[in-house]
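Engineer: Mapping the sequence shown onto our numbering, position 232 (from 1) lands on 1164, and the numbers just tick up by one.
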Amino acid sequence: MEFRGVMGGLYRISEWIMRLSVINLLWMLCSIPVFFFAFMGLVSQSPDALKSMLPILAILAPFTLFPATSAMFTVARKWVTGEEDVPLLKTFFRGYKENYLQSMVGGIFFVLIFIIIGVNYFFYLKQGSSLKVLAVLFIAFTVIIVISMFNFFSILVHLHMKVLQILKNAVLITIGNPINSIVLLLCNGAIIYICLTKFNFFLVVFFMGSIMATFSFWQFNRSFTKLQMKQQELEEKEQQKLAESQEEEQAQSEAATEVEGTEISLHKKDENEKE
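(1) Is the separation between the beta-carbon of L1088 and that of S1002 shorter than 8 Å?
(2) In terms of alpha-carbon separation, which member of K1058, L1057, P965 and F1041 lies closest to L992?
(3) Measure the C-alpha to C-alpha separation of P1019 and M1161 and round it to an integer number of angstroms.
(4) What is the DSSP secondary structure of T1106, reduced to helix, strand or coil?
(5) Can you find at least 3 beta carbon pairs, one from the stretch 1007-1021 and one from the stretch 1061-1069, that sit closer than 8 Å?
(6) Could you check how far apart the C-beta atoms of A990 and I1047 are, in whole angstroms? I think they sit under 8 Å.
(7) Quick one: Cα of Q1164 to Cα of L1174, how far?
(8) Could you tell me how far apart the beta carbons of N1120 and F1082 are, in whole angstroms, since I believe they sit closer than 8 Å?
(9) So, F1005 versus A1122, is the Cβ gap smaller than 8 Å?
(10) Decide if L952 is buried, meaning its Cβ has at least 16 other Cβ atoms within 10 Å, or exposed.
(11) Is the beta carbon of F969 less than 8 Å from the beta carbon of M985?
(12) Using DSSP with H/G/I as helix, E/B as strand and the rest coil, what is S953?
(13) Below 8 Å, can you find three or more Cβ-Cβ pairs linking the stretch 1128-1140 to the stretch 937-956?
(14) Please tell me whether Y1056 and L1063 are closer than 8 Å, where the distance is taken between their beta carbons.
(15) With a threshold of 6 Å on Cβ separation, who are the neighbours of N1204 within its own chain once the five nearest residues in sequence on each side are excluded?
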């Protein structure tokens, strides 16, 4: 039965609330070790307690958080590409299984990069004023890596590539589309800020991750579609130029054949006159 009017709108809203909340809960359940230790560090009064949790989070994240996030992006991809009625549990855990290894390797890469950035940032921050500029550069580099991480998950669930190719293309897309990258960062930052400050942890538990994944893949898919259209236009132009060059070559060969035929007929006429 299909509802129309106001009832239809309310039904659609409730349907999307259910979808987003289910996927977000699955994401948190599959990443529960990371969220547990992160929560323990945040609620503790001592800053040293949070610092002591960071090594544990760095070890756990590639094996739990990253595969769960790839599964969430798998469902988000289905929604963005028009498959809104996919079975949520089946699609989520299929994406979890299929992308586990690549997401784990990508997670190890990103964790190592963040560790290197963090060590260098605090090292240069303690140096003289001339070297503190390098600390600011590491902050900018962190922003690029964070945006690349969102693009990594989008490419992972959308294209068949090796891990190194996915990582390379994620960084290239981030740098090559600065406006889209800034929009992605600001919108996801706003989502995190609203979820953590305005509504306590209600939105974190039910909506934060799924909304960010859906928006991130929508932004990526929009940029990717534009790139595909530009590539198709270039291919069509190249094919058109190739066809035109082939036509010119064919016309030149036909003209050369006609000239040869004329020369042969003239030679025959000269021979007849001599006889």
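For glycine and all other residues, C-beta sits at the position ideal for the given N, C-alpha and C.
Structural biologist: The short version:
(1) Here residue 1088 is taken as the residue at index 156 of the sequence shown, counted from 1. Here residue 1002 is taken as the residue at index 70 of the sequence shown, counted from 1. Yes, the Cβ-Cβ distance between L1088 and S1002 is below 8 Å.
(2) Locating residue 992 in the sequence shown gives position 60, counting from the first residue. Closest by C-alpha distance to L992, out of K1058, L1057, P965 and F1041, is P965.
(3) What you label residue 1019 is simply residue 87 of the sequence shown in a count that begins at 1. What you label residue 1161 is simply residue 229 of the sequence shown in a count that begins at 1. Approximately 31 Å, taken between the alpha carbons.
(4) Along the sequence shown, one-based indexing puts residue 1106 at 174. Under the three-state reduction of DSSP output, T1106 falls in the helix class.
(5) Not touching, per the Cβ criterion.
(6) One-based indexing of the sequence shown puts residue 990 at position 58. One-based indexing of the sequence shown puts residue 1047 at position 115. Sure, about 7 Å apart at Cβ, within 8 Å.
(7) Taking the sequence shown and counting its residues from 1, one reaches residue 1164 at position 232. Taking the sequence shown and counting its residues from 1, one reaches residue 1174 at position 242. Across the structure, Q1164 and L1174 are spaced so that their CA atoms are roughly 15 Å apart.
(8) Indexing the sequence shown from 1 puts residue 1120 at position 188. Indexing the sequence shown from 1 puts residue 1082 at position 150. Their Cβ separation, rounded to whole angstroms, is 7 Å, which keeps N1120 and F1082 in contact under 8 Å.
(9) The count along the sequence shown starts at 1 and reaches residue 1005 at position 73. The count along the sequence shown starts at 1 and reaches residue 1122 at position 190. Their beta carbons are not under 8 Å apart, which means F1005 does not touch A1122 by this criterion.
(10) Translated into the one-based positions of the sequence shown, residue 952 becomes position 20. So L952 ends up on the buried side.
(11) To locate residue 969, count along the sequence shown from 1; it is residue 37. To locate residue 985, count along the sequence shown from 1; it is residue 53. Yes; because the gap between Cβ atoms is below 8 Å, this pair is in contact.
(12) Indexing the sequence shown from 1 puts residue 953 at position 21. Looking at S953 - three-state DSSP - the assignment turns out to be helix.
(13) yes
(14) To locate residue 1056, count along the sequence shown from 1; it is residue 124. To locate residue 1063, count along the sequence shown from 1; it is residue 131. Result yes, Cβ atoms of Y1056 and L1063 sit closer than 8 Å.
(15) Walking along the sequence shown from the start, residue 1204 turns up at place 272. The predicted model places N1204 with a pLDDT of 48, which falls under 50 and marks its position as unreliable; any figure quoted below should be read in that light. The answer is none, since no qualifying residue turns up.
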